[in-house]
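Per our numbering, residue 49 is the first one in the sequence shown, and the count goes up by one each step.
Every residue gets a Cβ at the ideal spot worked out from N, C-alpha and C, and that includes glycine.
Note that the structure is a prediction, hence the values are computed from the model and not measured.
So the structure is just underneath, and the comments pick up after that.
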Amino acid sequence: MSEQSLPDAARPEYSGDTPPDATDDALPEYAERVLEVAELIPPGRVMTYGDVAEWLETGGPRQVGRVMALYGGGVPWWRVVRADGVLLPGHELRALDHYRAEGTPLREASRAAEGHLPRLDMRRARWDGGERAQGHI
49 MSEQSLPDAA RPEYSGDTPP DATDDALPEY AERVLEVAEL IPPGRVMTYG
99 DVAEWLETGG PRQVGRVMAL YGGGVPWWRV VRADGVLLPG HELRALDHYR
149 AEGTPLREAS RAAEGHLPRL DMRRARWDGG ERAQGHI
């Protein structure tokens, strides 16, 4: 995904052909907002990439996914998920450890499922950003 597909607020801010110094710790505003939402999600609950974008009223699932891929390591990244409940490829076991520790509802995998990994039970685990989030962001 290119920077051009990110909402204006999520695009890196620099002019010319030279990107900013890699030591620059400033996050784009959109990225900060996405990460703030990830931190609001209670343990044992999840929001989809699309849910986060809808809650912020800007961007879309791909933009949220891009922010999480680039900047999400310092927040509970396992709580921002795919809408189908499939665990994040390449991070399945780490995420599964978090889900089990937090009591996140899971659906056991069928024998036909690749790797026999469970999926999130989206009907029970999905958080709508209710009461606890009132007045935030």
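Which of helix, strand or coil DSSP assigns to Leu168: strand
Could you have a look at Val94 and say whether DSSP puts it in helix, strand or coil? strand
Could you tell me the boundaries of the alpha helix (DSSP H) in which Val85 lies? Glu77 to Leu88
With respect to the alpha helix (DSSP H) encompassing Val115, which residues constitute its N-terminal and C-terminal limits? Pro109 to Tyr119
When burial is assigned at 16 or more other CB atoms within 10 Å of the CB, is Asp69 buried or exposed? Annotation note: pLDDT 44 at Asp69 (below 50); position unreliable, no value reported.
When we look at the beta-carbon of Arg251 and count the other beta-carbons within 10 Å, is it buried (16 or more) or exposed? This structure gives no information on residue 251, because the portion of the chain shown stretches from 49 to 185.
Between the stretch 145-154 and the stretch 108-115, do three or more beta carbon pairs fall short of 8 Å? no
Would Thr71 be called buried (16 or more neighbouring beta carbons within 10 Å of its own) or exposed? Because the pLDDT at Thr71 is just 43, under 50, the model does not fix this residue reliably, and the value given afterwards should be weighed accordingly. Looking at its Cβ environment, which holds fewer than 16 other Cβ atoms inside 10 Å, Thr71 is exposed.
Can you tell me whether DSSP reads Arg155 as helix, strand or coil? strand
Thr66 versus Gly121 - alpha carbon distance: Summary for Thr66: the model assigns pLDDT 41, below 50, so the residue's position carries little reliability, and this model does not support an answer.
Which residues DSSP lists as bridging Arg174, in chain order: Val94
Using a Cβ-Cβ cutoff of less than 6 Å, which residues in the same chain neighbour Gly92 once the five nearest sequence positions on both sides are dropped? Glu150, Gly151 and Thr152
Work out the CA separation of Glu77 and Gly138 for me, nearest whole Å. 28 Å
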